[in-house]
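Student:
Protein chains: 2
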Amino acid sequence: MAALPDRVSARAGIVVTGTEVLTGRVTDRNGPWLSERLRELGVDHAYTLVVGDRREDMDEALRFLAGRGVDVVVTSGGLGPTADDLTAEVVGAFAGRPMVLDDALEERIAEILRPLLSRWPDLDPEAIRVSNRKQAVVPEGATILEPVGTAPGLVVPVDGGPTIVVLPGPPRELHAMWPAAVATEAFRAAVTGAVELRQEMLRLFGIPESEIAETLRLAEDAHGLEGLEITTCLRRGEVEVVTRFSPAAAEVYQRFVETVRARHADTLFSDDGRTVDEQVADELRSRGLTIATAESCTGGLLAARLTELAGSSDYVLGGLVVYANEAKTALAGVDPALIERVGAVSIEVAEALADGARARLGADVGVGITGVAGPGGGTEAKPVGLVCISVAAAGGRLTRSMNLPGGRADVRDRSTTVAMHLVRRLLVGETAPGDDARTSAASGAA
Amino acid sequence: MAALPDRVSARAGIVVTGTEVLTGRVTDRNGPWLSERLRELGVDHAYTLVVGDRREDMDEALRFLAGRGVDVVVTSGGLGPTADDLTAEVVGAFAGRPMVLDDALEERIAEILRPLLSRWPDLDPEAIRVSNRKQAVVPEGATILEPVGTAPGLVVPVDGGPTIVVLPGPPRELHAMWPAAVATEAFRAAVTGAVELRQEMLRLFGIPESEIAETLRLAEDAHGLEGLEITTCLRRGEVEVVTRFSPAAAEVYQRFVETVRARHADTLFSDDGRTVDEQVADELRSRGLTIATAESCTGGLLAARLTELAGSSDYVLGGLVVYANEAKTALAGVDPALIERVGAVSIEVAEALADGARARLGADVGVGITGVAGPGGGTEAKPVGLVCISVAAAGGRLTRSMNLPGGRADVRDRSTTVAMHLVRRLLVGETAPGDDARTSAASGAA
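For the record, the sequence lines run as chains C and D. Okay, so the first sequence: first residue is 794 according to the working numbering, each after it adds one. Okay, so the second sequence: first residue is 794 according to the working numbering, each after it adds one.
1. Can you find a CB in chain D that lies within less than 8 angstroms of the CB of C/R1080?
2. Given that a residue counts as buried once 16 or more other Cβ atoms are within 10 Å of its Cβ, and exposed if not, what is D/L855?
3. According to the Cβ coordinates, are D/P1178 and D/V1138 closer than 8 angstroms?
4. Whose C-beta lies closer than 8 angstroms to the C-beta of D/R890 among residues of the same chain, with five residues either side of it excluded?
5. With DSSP run on the structure shown, which of helix, strand or coil describes C/D1228?
6. Please state if the CB of D/R1054 and the CB of D/E1031 are separated by a distance shorter than 8 angstroms.
7. Can you give the Cα-Cα distance for C/I957 and C/V867, rounded to whole angstroms?
8. Alpha carbon to alpha carbon, what distance is there between D/F857 and C/P874?
9. Under 9 angstroms Cβ-Cβ, which residues of chain C neighbour D/T812?
10. For D/Q1072, count neighbouring C-beta atoms within 10 Å of its own C-beta (all shown protein chains included) and say buried if the count is 16 or more, exposed if not.
11. Does any C-beta atom of chain D lie closer than 8 angstroms to the C-beta of C/V819?
12. According to DSSP, simplified to helix, strand and coil, what is D/S1003?
13. Starting from C/G822, follow the alpha helix (DSSP H) in both directions and report where the run begins and ends.
14. Do you know whose CA, among C/N925, C/A1147, C/C1090, lies nearest C/A876's CA?
15. Compile a chain-ordered list of the residues in the stretch 948-970 of chain C whose CB is closer than 9 angstroms to at least one CB of chain D.
16. So, does the CB of C/V1221 fall closer than 8 angstroms to a CB anywhere in chain D?
17. Can you list the residues of chain D that C/Y1046 reaches, using a CB-CB cut of under 7 angstroms?
18. Along the chain, which unbroken stretches of the beta strand (DSSP E) at least 3 residues long are found entirely within the stretch 1079-1127 of chain C?
19. Which residues of chain D have a Cβ atom closer than 8 angstroms to the Cβ of C/I1182, listed in chain order?
20. Going by Cα to Cα distance, which pick from C/E1141, C/V1115, C/E1033, C/E813 is closest to D/L1241?
21. For D/A1096, does the count of other Cβ atoms within 10 angstroms reach 16, so buried, or fall short, so exposed?
22. Going straight from the alpha carbon of C/D837 to that of C/I807, what length do you get?
23. Find the nearest neighbour of D/R991 within the set D/A1120, D/D1065, D/V1160, D/I905, judged by alpha-carbon distance.
24. Grab the span of the beta strand (DSSP E) containing C/Q992 for me, first residue to last.
25. State the CB to CB distance for the pair C/S828 and D/L842, rounded to an integer number of angstroms; the pair is presumed to be in contact (CB under 8 angstroms).
26. In chain C, what lies closer than 8 angstroms to D/V843 by C-beta?
27. Cβ of D/T1060 within 8 angstroms of Cβ of D/I1000?
28. Closer than 9 angstroms between beta carbons: that is the criterion. Which residues of the stretch 1188-1222 of chain C meet it against chain D?
29. I need the DSSP call for C/R804, collapsed to helix, strand or coil.
30. Using DSSP with H/G/I as helix, E/B as strand and the rest coil, what is C/A839?
31. What is the rounded straight-line gap between the Cα of C/V1135 and the Cα of C/E1141?
32. Would D/A974 and D/G946 be called neighbours here (beta carbons separated by less than 8 angstroms)?
33. Are any of the Cβ atoms in chain C nearer than 8 angstroms to that of D/D877?
34. Which same chain residues, not among the five before or five after C/L1124, have their C-beta less than 6 angstroms away from its C-beta?
35. In the DSSP assignment, find the unbroken beta strand (DSSP E) run with C/S1139 in it and report its ends.
36. What is the rounded straight-line gap between the Cα of C/L1018 and the Cα of C/L1009?
Structure (structure tokens):
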């Protein structure tokens, strides 16, 4: 969309190191987390480079970012005790600073290790100390960030280049160390001139992304989108429209939001950044309602998602994972004759599961999910991807049956998203095309 | 560790586009997936660059990789219908190829859209067609990869530079399109000379990473590690040791494995690439045993993890999510007086949950988990991170109590890993230091 002014802000790059991340055995959570922190500081994050534990590849990544004129580089990983952990050394060489052993730091690391090692009484403490000595060898003149685990972080200024913030790979350590990195003089000097960049998000559910493209064109024609950087993406079945803009463009953004709201009133469910998970949590908590689940194909994923948020014990009572048909009957009270007649994957069984979850856990809201997650188990009448979901409460219920695309993990994950939206709609009294909304016999009686 | 020969193989870089990925709203699954596919072809993947939907940043990423002499660049994302989807255009400009409308392709995309649009009968088909026309504008001379969704992929040769494979962002579409990309003449020509690179993995549970560092030094001294590229990482509480090597170094690798096995017999649980999840599945299936869960703090995550593998209905009967104490009693039969006496987070309640899961679902193996996931709810005696897990079967049980580090998500996830290892150890008849192993009254009676 319309581009941002050329240089609103300090710029940053992120280098994520580790062959395990490059090759996908470990999912990088640090790049995204650091990106968000940099944005909060008004620093424009332009690139993330993922490189393996190879000296020359890490060096090239630093050179690339320095060549693009970034003010700050943040690295994660490669500070461990094994020989493939090279980051401090590579950054030192890049900055033209010799590596020196910091005796006091070595002593502090040894202090940290002592209690940890008591868990493994068989280990030779001296051998461990040698392993960890290398973590106390740092580029001369670097500011040391105190270890959270055993690895210290570093802030390393580069003459005529970016300031490099070197952080450990474990997210917990990286998070805890970040405030200290931001507080260093070298970091503050590097990001001078950063201008606040706002970011707002609209979330829609139940329309194709191409519809948004049309809306963007209309908004551009009607009143322009000058100063807004708009990106749209599909995530877990939802369309997210994210806009970044400097405060001067706030009015342009408001006009854009009004255009989206006018065209997509029925599918725009969030304009304040809240996820559907947070909306469901807020609705349940503010109304003093409780919820329970009975899941077949999702195998507990919806209960896990509902309990992901801190404080969810305020409204989640629990759930039933009823993978086997016998469990559907024994735990959720589904009539075996019903399963026999209409099959385990059916609207009727989804409704019975929702009712069973409510009844067995004494919850205000019950959710039932049954489907064919695949890859096996599909038939012509009930193919892989067919999922039936029902949400029941005292006032009524919403049920829908749908064919979800993708593999086993996609079908399971998407099912939880649809279920969340059904819960939300039932709570706020909305319906969407395809919802079967009615007061059922079971819930009417409650 | 010891480096690989300088250039065993064709080299590749990956460019993941999308502001949503750069800023972490969406987790990239394409980089890791493509990395694995390239490795299988013997192509050495050196860099992944993540860039936002900005023309100049994408162009710089391509220039960087071309400058590093890679033979192939694979891009993912940026092929959608909205104006922020720029990849085809940027790659065309980089390759010096003008963009041309492919009429036949436009027609095929329209054909694909027709049935999809019937789901949204209110939409104007002509407006949608305009939105999608841009997906049929491609660099002159590019090989077109047929759309899986609505976006075609591209293979674009660059004079004196790498061949660029342009793939859509949705993983399902990218996966389905990959074989066609690999089959193109331009791709095959670019990767000529690729040499098979083997990759093997050892997995250990219950030791610190620094112990492995010591083992690596000993192995290096004893017999050398020439030709092995060894990386170690911590993942979900396990230590993974991954080694890449050309077939000529197979014997060196075998000696290395023997050294690890000799030093870490009690913690090395996998040397054939199988995860603990797969081992548990194999053990249950081959013995004809069933499993059921009763989870408090993990809220269904363990049940979801057990049912993640296709075919898990062979051995997973289901589970109980007993978040509220009332649910622990009503669903899992935990004596409320016991909870009153020792607290919900206790060895005793974990054992009662495991027994309750077995009894209520009629399963051979029951798993009970209770703990303080945080951030609230911790006390001095029972701090955040305290988790008690018990696994019960007819022959006996294994129970342990531990303090897990990290935030709410870490504690919940790590709990499922510990539970998986307890199930595995109970099934294969091993114990680890800290396991409380005994024949309990409840299971002894079964």
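Yeah, the Cβ is synthetic: ideal placement off N, Cα and C, and Gly gets one too.
Tutor: Walking through what the data contain:
1. Chain D, which has no Cβ nearer than 8 angstroms to the Cβ of C/R1080, makes this no.
2. In the assembly as shown, D/L855 is a buried residue. Its beta-carbon has 16 or more other beta-carbons within 10 Å.
3. One detail in the question is off: residue 1178 of chain D reads as Gly in this sequence, not Pro. With a cutoff of 8 angstroms on beta-carbon distance, D/G1178 and D/V1138 are scored as not near each other.
4. Cβ neighbours of D/R890 within its own chain (closer than 8 angstroms, five residues either side excluded): P932, E933, G934, A935, V949.
5. Coil.
6. At a Cβ-Cβ threshold of 8 angstroms, D/E1031 and D/R1054 do not count as neighbours.
7. Computed Cα separation, rounded: 6 angstroms.
8. So the alpha carbons of these two residues sit roughly 31 angstroms apart.
9. Result: E1022, T1024, C1026, V1035, R1037.
10. Buried, by the Cβ-count rule.
11. Output row for C/V819: interface = yes.
12. The three-state secondary structure of D/S1003, taken from DSSP, is helix.
13. Looking at the sequence itself, residue 822 of chain C is Arg, so the reference to Gly does not match. For C/R822, no alpha helix (DSSP H) segment is defined, and its DSSP state is neither H nor E.
14. Selected option, being the one with the closest Cα: C/N925.
15. Those would be G962, P963, P964, R965, H968, in chain order.
16. No, its Cβ sits nowhere closer than 8 angstroms to a Cβ of chain D.
17. The CB of C/Y1046 never comes closer than 7 angstroms to any CB in chain D; the least such distance is about 16 angstroms.
18. Fully enclosed beta strand (DSSP E) runs of 3 or longer: 1084-1088, 1109-1115.
19. Result: empty, since nearest Cβ-Cβ is about 16 angstroms, beyond 8 angstroms.
20. Because chain D spans 794 through 1239 in this model, residue 1241 of chain D falls outside it and cannot be assessed.
21. D/A1096 comes out buried.
22. For C/D837 and C/I807, the distance between alpha carbons rounds to 11 angstroms.
23. Nearest of D/A1120, D/D1065, D/V1160, D/I905 to D/R991, Cα basis: D/D1065.
24. Where C/Q992 is concerned, the enclosing beta strand (DSSP E) stretches over 991-998.
25. The pair is not a contact, with the Cβ atoms about 14 angstroms apart (cut-off 8 angstroms).
26. In chain order, G824, Y840, T841, L842, V843 make up the part of chain C whose C-beta sits under 8 angstroms from the C-beta of D/V843.
27. Taking C-beta atoms as the reference points, D/T1060 and D/I1000 count as a pair closer than 8 angstroms.
28. Residues of the stretch 1188-1222 of chain C with a C-beta atom less than 9 angstroms from some C-beta of chain D are P1198, G1199, G1200, R1201, A1202, D1203, R1205, listed in chain order.
29. Strand.
30. C/A839: strand per DSSP, three-state reduction.
31. Distance between the alpha carbons of C/V1135 and C/E1141 is about 7 angstroms.
32. The answer is yes: Cβ separation under 8 angstroms.
33. Yes, its Cβ sits closer than 8 angstroms to a Cβ of chain C.
34. Listed in chain order, the non-local C-beta contacts of C/L1124 below 6 angstroms within the same chain comprise L1113, V1115, local neighbours out to five positions each way being set aside.
35. Here C/S1139 belongs to no beta strand (DSSP E), and DSSP marks it neither H nor E.
36. Each residue's Cα considered, the two are about 9 angstroms apart.
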